[in-house]
Amino acid sequence: MKHSSKKTFIIVALAALLLTSFGKVSHATVSGTTATGNTSISITLPNIIILHYLSDVSLSFNTDISTGVDEGAGSWNTSWSGTTSNGSGELAGSGLSDAPTYELDGNSTINVTLPKVWAVRGISSNGTATVSIAQGNTSLANTQSDSIELSNLTVSTEGAGPGASITADLDGLSKQNATIGNVGLTMDLASANTSGQYVAAGAEYTITATAI
């Protein structure tokens, strides 16, 4: 009987121990640990200049021109031998009337603007660039050895110039925000006495864009 009671006591003690242990597990709490870190990022951009340009420009005047200009009336005394005298209305170069569409007003030069022939975009320390133009071989000749001389080359934008050098805005790398520019020049036709194509060896001008 004593052995049975002792056995019963041991079983009860073990049961209590197990219940206590499971109770502790079911109510256990795990505490988390958090660590954070801050990171700073630094980005350095270089000067970036992208220059768009036309490498070949062809200028063509209107189609062949043929026109008559009425200079009024003239009169002369005529002898039986065919000589004339006491004439009026004789033509002189300085007195000729202006001809439509191609009158040069007594000189041989024409000022021409080549519109939207270059563009610049990019980034720089203050958001601008210097755009300049340098004259190259500006004497153009045809097969008859006649020539057309180019001079007074300039660059301009909607807000700057014309001049040999201007400051242009750089509005970033987007093509849509590029600054568009023109080239101006003076064309001298004093030695152009025959028709045809006039060309020169090499480039007539060079455009340079420099970040400021």
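Residues in the sequence shown are numbered from 1 upward in steps of one, following the numbering used here.
All C-beta atoms, glycine included, are put in the ideal place defined by N, C-alpha and C.
Could you check what DSSP says for residue i in three-state terms: helix, strand or coil?
i      : result
Asn107 : coil
Asn177 : helix
Val199 : strand
Val25  : The pLDDT assigned to Val25 is 49, lower than 50, so where the model puts this residue is not dependable, and the model offers no usable value.
Ser191 : coil
Gln135 : strand
Trp80  : coil
Leu59  : coil
Glu158 : coil
Leu51  : strand
Thr33  : coil
Ala73  : coil
Thr186 : strand
Glu149 : strand
Gly127 : coil
Thr39  : coil
Can you list, in chain order, the residues of its chain whose CB lies under 7 Å from that of residue i, leaving out five sequence neighbours each side?
i      : result
Ser145 : none
Thr128 : Thr167, Ala168, Asp169, Leu170, Ile212
Ser85  : Trp76, Asn77
Glu204 : Gly136, Asn137, Thr138, Leu150
Under the rule that 16 or more other beta-carbon atoms within 10 Å means buried, what is residue i, buried or exposed?
i      : result
Ser75  : exposed
Thr113 : exposed
Ile148 : buried
Leu54  : exposed
Thr157 : buried
Thr34  : exposed
Ser26  : Because the pLDDT at Ser26 is just 49, under 50, the model does not fix this residue reliably, and the point stays unresolved.
Val183 : buried
Gly161 : buried
Gly181 : buried
Ignore the nearest five residues each way along the sequence and tell me which others in residue i's own chain have a CB closer than 6 Å to its CB.
i      : result
Thr134 : At residue 134 the sequence reads Ala, which differs from the Thr that was named. Hits under 6 Å: Thr206.
Ala190 : Ser108
Thr179 : Val120, Thr157, Ala168, Asp169
Gly122 : Ile48, Ile49, Ile50, Leu170
Ala209 : Ile49, Leu51, Val120, Ala129, Val131
Leu153 : Ile133, Gln135, Leu185, Tyr205
Using a Cβ-Cβ cut-off of 9 Å, state whether residue i counts as contacting chain C.
i      : result
Val117 : No chain C is present in this structure, which holds just one protein chain.
In its own chain, which residues sit with a C-beta less than 8 Å from the C-beta of residue i, not counting the 5 before and 5 after it?
i      : result
Thr194 : Asn142, Gln144, Asp146
Ser165 : Thr130, Val131, Ser132, Ile133, Val155
Ser79  : Ser85
Leu173 : Ile48, Ile50, Arg121, Gly122, Ile123
Gly159 : Asp169
Original post:
If we count Cβ pairs, one from each stretch, closer than 8 Å, do we get three or more for the stretch 139–146 versus the stretch 185–205?
Top reply: Output reads yes: the stretch 185–205 touches the stretch 139–146.
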